[in-house]
Amino acid sequence: GSYRFGENFETMKTIVGSTLPLLQRMSRNKINYMTFYVKDKSSL
Numbered sequence: 003g004s005y006r007f008g009e010n011f012e013t014m015k016t017i018v019g020s021t022l023p024l025l026q027r028m029s030r031n032k033i034n035y036m037t038f039y040v041k042d043k044s045s046l
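If you use my numbering, the sequence shown corresponds to residues 3 to 46, in order.
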């Protein structure tokens with residue numbers, strides 16, 4: 003069980019590592035808006 007979880011975690015890190023540059027390339031305004039929107043919703 004725990005070995006498989008570790009394997010999945012490594013895969014997740016790889017996926018996140020490969021999508022991060024794409025997210026950083028997105029418009030800053032869009033990211034800021036999304037962050038603000040999420041914070042606004044979570045504070046309700």
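For each residue, glycine too, the CB sits at the ideal point set by N, CA and C.
Measure the alpha-carbon distance for residue i versus residue j and round it to whole angstroms.
| i | j | result |
| --- | --- | --- |
| T37 | R6 | 32 Å |
| K43 | E12 | 31 Å |
| I33 | V40 | 11 Å |
| V18 | R30 | 19 Å |
Consult DSSP for residue i and reduce its assignment to one of helix, strand or coil.
| i | result |
| --- | --- |
| M14 | helix |
| M36 | helix |
| S45 | coil |
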